[in-house]
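Asks: If you count by full-length UniProt numbering, then the sequence shown holds residues 1 to 733, one letter each, in order.
The beta carbon of each residue, even a glycine, is placed where N, CA and C say it ideally should be.
Structure incoming, see below.
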Amino acid sequence: MKKLIKWLLGLVAFLAVLVVLAVVLLPMFFDPNEHKPHIQQLAADSIGREVTLNGPIEWSVFPWVAINLNDVTVANEAGFKGDYLAEVKQVAVRVKLLPLLKKQIQVGQVELQQPNINLQVAKSGKSNWQSIIEHMDQGSSDPAANSGSTDLEIRGISISDGSLSYADGGADLRVQMNDLNFDSEAIKAGSPTQMSLSAEIEIAAQNFKGQLQTAWNAKGITSDSGMVLNFNAMKFQGQADTVPLVLSTSGQVKLDLAQDSLAVDDMELSYGSMNLNTTVSGKNISTNMALSGQLNMTEFSLAELLTELGSPLDNQANNDLSGQMQWSLVGDRLQLNNIDMNLDESTIKGQIDIKQLSQLKGQFDLNINQLNLDQYLPNDEAPSTASTDSVAMDMGQMSGQIKMNKLIAAGVNLEDITLKIRTQGKNLTIEPLQAGFYQGLIKTELQLQPDNRTEKLKITHSMQDFQAGNLLTDLMGTDYLTGLGQLNADVKIDEPFAERPFKTANGSVSYRLTDGDIVGIDIFQIMQQSLSLLNKTDAAQSNSDLKTAFGLMEIQADIKQGVLKTNTLKLTSPYFDLKGQVEIDLDQQTIKGTIQPMLINIPEGVLDQNFEKLLNLRIPVSLKGSLLEPEISIDLAKLILATQKDKIDKKKEELKNDLFDKLLGSNKKDKSSEQAADPNNQGPGNAQPELTEKQKKRAKKDKMKRDLLEGLFKSKKDKPKATEEGEDTGGNQ
């Protein structure tokens, strides 16, 4: 910075020297335009860069030597974009003639009209003005150049309607300054000089633009040790992302180029509804700049600011944000220390260290006393307009942890939470989340990879030894399941940003609950209704306090394309056993399937001995409709078949025998023939009438036919029996 300012002032001095050269040459030559090449060469030798005077030289001699140079260009450094470092439409300088005889240079107003300056920094750090500074430094160190005692005095410098562009390839930054105007009072060795600057500034990539106005007092302009600039006022007023932005300073603002330091007592920033102020302390301004300060943020509405940014926030929270922190910026490293922020009732403390700000690469360690996440969820329940092609945000390469004493999410209470987070561009990994969870422990690992074709979101979830009743009360407002729970889930979602993400969910779930109750379903009442249906009597009166106690509930299921299908569904207690198979649509929150409770013992005081006919008999019950309030019905046809099985089998046997008799032409008399043909019936206690040889042959032939038909019927009957046995297991192994 010091060298850049020195170069700019050197440029002004060069113009003055150029005028002096012209004055010296004028008496010797009548028309200075005929000697442009010589003047241009002298200028090029002074700055080490080609200088071209494209326009005519206009001049007058007494009492001021007035020179107007038109269309002056300074060549750009090789390897940089553009032909020129600087272009000036007109340079006007006046020098008093008589003081020159006393080796005094008294310059009047120096005017530059429509200068266009092009400053560039390559990715390597090399600038297109560095060689000029180095060349001028060599010239200033030459004893011959410093010989003599010529005094320099400039009545003032005026720059009007100028422009300056600054491009830094390493920082990917481009700043454009237009309508640039600069004025100064008299510049004289040993005296301070008042200066002012105004310009329009634009950083197009950040949608940032506005008007800058500043004034300062400069000391030591002609000193080799460096200048000291004390700013009287500095104000920028404009906008960033269409939101009003005002930056101003108060108190002392000192830029000491001799000490290469900066000190700002108070810098105020107003961005929309947000207001903050900070001190600024800077070192090594011209080399490896190091800035630091104490930042304070007055309370403001985050919702109001987001509305101004075009992203309205509609939730149940107040969204009031305030706080303070210490910050430092050294090169590309930004550190935020002693963070103490307040978001409504939440307090956030810790530190953030971004070692490569340009790449957003660093670490963080934050602590939050409490956070009610539900308050910050949108109130609008309208269908989401999210698309599977949504562009995910680049989160850089950050890693660290967030600890929370208490978190409420979806009505669920978590305590002593530790979140270990790692980002890699658009990818996010939480490994793992650990928290106290309803007297148990929750552990979750999450991977978000938006650029994957499938499985963009992976969740491995474990909940151990938690109280299910308290959890469900907080989550759904009712404890329809109580007990000590264990849950493990491995779920992958292909399109987590889609309008209906659960339709692309796949994975597996296992759930185990012990010593609990099912609230809303009374298994014994279902059995009472079953008995009433069988006896064709009035159904038992509904129990208002529907509840079923159990010793163990176990569920194992697979998830395919958003549909959960159970492989194992069983529930046991001292009095009943339940098996079943259900499907749950996670997207629609619906259920369909069948459960089969079976009475294995009759509890005293609950069921009487009339229920003995239901012992060891599975009752088919269908479930369908809403997951939280399913329709429950008993399959009467299957129930009747199950309870009347013995009678039906006996009747089937009678019908079969009648059919055999008709097919074989047998009658009651033939039974004695069959018995006679059977060797097992021959004995002392089974004396039968003697049969003729013909009757014996006929009886033996009839028995062979009957055995053949028995075998055919038996094979037909065994197949449905095996199927019934498979159904009895409820689809479980």
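Could you give the uninterrupted runs of the beta strand (DSSP E) lying entirely in the segment 149-191, keeping only those of 3 residues or more?
Replies: Within the segment 149-191, the complete beta strand (DSSP E) runs of at least 3 residues are 151-168, 173-184.
Asks: Here's the rule: buried if 16 or more other CB atoms are within 10 angstroms of the residue's CB, otherwise exposed. What is Glu-299?
Replies: Glu-299 should be labelled exposed.
Asks: Which residue's Cα is closest to the Cα of Leu-334: Val-412, Ala-303, Thr-347, Gly-293?
Replies: Per the Cα distances, Gly-293.
Asks: Of the choices Val-72, Asp-83, Asp-394, Val-509, whose alpha-carbon is the least far from that of Lys-89?
Replies: For the residues Val-72, Asp-83, Asp-394, Val-509, the minimum Cα distance to Lys-89 belongs to Val-72.
Asks: Span of the beta strand (DSSP E) holding His-461?
Replies: Note, His-461: beta strand (DSSP E), 457-467.
Asks: Since Lys-426 contacts Lys-458 with CB under 8 angstroms, what's their CB separation in whole angstroms?
Replies: Going by Cβ atoms, the distance from Lys-426 to Lys-458 rounds to 15 angstroms, so no, they are not a contact pair.
Asks: Using C-beta distances below 6 angstroms, list every residue in its chain close to Ser-633, excluding the 5 sequence neighbours before and after it, in chain order.
Replies: The residues are Ser-622.
Asks: Let me know the secondary structure DSSP gives Pro-597 once reduced to three states.
Replies: Pro-597 falls in the strand class under three-state DSSP.
Asks: Please name the residue in Asn-207, Ile-187, Asn-372, Val-74 whose C-alpha comes closest to that of Trp-129.
Replies: Closest by alpha carbon: Val-74.
Asks: Helix, strand or coil for Thr-307? Go by DSSP, reduced to three states.
Replies: Note: Thr-307 maps to helix in three-state DSSP.
Asks: Got a sec? Which residues, its chain only, sit under 6 angstroms from Gly-625 by beta carbon, not counting five neighbours each side?
Replies: Glu-631, listed in sequence order.
Asks: Considering Cα atoms alone, identify which of Ala-78, Leu-305, Leu-373 is closest to Ala-122.
Replies: Nearest of Ala-78, Leu-305, Leu-373 to Ala-122, Cα basis: Ala-78.
Asks: Give every residue of the same chain whose Cβ lies closer than 6 angstroms to the Cβ of Asn-217, excluding the five residues on either side of it in the sequence, and list them in chain order.
Replies: These residues qualify, in order along the chain: Pro-192, Gln-194, Asn-230.
Asks: Please confirm whether Gln-206 and Asp-161 have their CB atoms less than 8 angstroms apart.
Replies: Not a contact, by the Cβ cut-off of 8 angstroms.
Asks: Across the segment 327-341 and the segment 371-380, are there enough close Cβ pairs to call them in contact, namely three or more that are closer than 8 angstroms?
Replies: Judged by Cβ distances under 8 angstroms, the segment 327-341 makes no contact with the segment 371-380, as fewer than three pairs qualify.
Asks: Pair every Cβ in the segment 437-456 with every Cβ in the segment 396-406, then say whether three or more of these pairs are closer than 8 angstroms.
Replies: Verdict: no, contact absent.
Asks: Among the residues of its own chain, which have a CB less than 7 angstroms from the CB of Pro-378, if the five just before and after it don't count?
Replies: If we look at Pro-378 and ignore the five residues flanking it on each side, its Cβ neighbours are Asp-314, Asn-315.
Asks: With the cut-off set at 8 angstroms, would you say Asp-183 and Ser-196 are in Cβ contact?
Replies: Their beta carbons are under 8 angstroms apart, which means Asp-183 touches Ser-196 by this criterion.
Asks: Can you tell me where the beta strand (DSSP E) with Lys-126 in it begins and where it stops?
Replies: Careful: Lys-126 lies outside any beta strand (DSSP E) and carries neither H nor E.
Asks: For Pro-244, write down the residues that DSSP places opposite it in a beta bridge.
Replies: Per DSSP, Gln-239.
Asks: Would you kindly check if the distance between the Cβ of Leu-262 and the Cβ of Val-280 is under 8 angstroms?
Replies: Yes; because the gap between Cβ atoms is below 8 angstroms, this pair is in contact.
Asks: Anyone know if the C-beta pair for Asp-265 and Gly-282 falls short of 8 angstroms?
Replies: Cβ atoms of Asp-265 and Gly-282: not closer than 8 angstroms.
Asks: Tell me which same chain residues have a C-beta within less than 8 angstroms of the C-beta of Pro-312, skipping the five on either side of it?
Replies: The answer, listed in chain order, is Ala-303, Leu-306.
Asks: Give the DSSP-derived three-state secondary structure of Asp-365 in the structure shown.
Replies: Strand at Asp-365.
Asks: Roughly how many whole angstroms lie between the Cα atoms of Phe-80 and Gln-41?
Replies: Roughly 23 angstroms between the two C-alpha positions.
Asks: Are Lys-69 and Leu-53 closer than 8 angstroms when you measure CB to CB?
Replies: It is Leu, not Lys, that sits at residue 69 in the sequence shown. The answer is yes: Cβ separation under 8 angstroms.
Asks: Could you tell me the distance, in whole angstroms, from the CA atom of Gln-176 to the CA atom of Ala-489?
Replies: Whole-angstrom Cα-Cα distance: 55 angstroms.
Asks: Count the other CB atoms within 10 Å of the CB of Asp-241; is the residue buried (16 or more) or exposed (fewer)?
Replies: Exposed.
Asks: Looking only at its chain, what residues have a beta carbon closer than 7 angstroms to the beta carbon of Glu-445, apart from the 5 residues adjacent to it on each side?
Replies: Closer than 7 angstroms at Cβ, skipping near neighbours: Ile-430, Glu-431, Pro-432, Thr-460.
Asks: Taking C-beta to C-beta, are Leu-586 and Ala-505 nearer than 8 angstroms?
Replies: Yes, the Cβ-Cβ distance between Leu-586 and Ala-505 is below 8 angstroms.
Asks: Suppose the cutoff is 6 angstroms on Cβ atoms and the five residues either side in sequence are ignored; what does the same chain contact list for Lys-347 look like?
Replies: Note on identity: in this sequence residue 347 is Thr, with Lys being the wrong assignment. Answer for Thr-347: Asn-369, listed in chain order.
Asks: Val-330 to Gly-440, Cα distance in whole Å?
Replies: Near 46 angstroms, if we compare the C-alpha coordinates of Gly-440 and Val-330.
Asks: What are the boundary residues of the beta strand (DSSP E) that includes Pro-630?
Replies: Pro-630 -> beta strand (DSSP E) spans 630-634.
Asks: What are the start and end residues of each continuous beta strand (DSSP E) run of 3 or more residues lying completely inside the segment 265-330, in chain order?
Replies: Runs found: 274-283, 290-301, 320-330.
Asks: State the DSSP-derived secondary structure class of Lys-81, mapped to helix, strand or coil.
Replies: Coil, per DSSP.
Asks: According to DSSP, Met-404 sits in a beta bridge with which residue or residues?
Replies: BP columns for Met-404 point to Ile-368, Ile-417.
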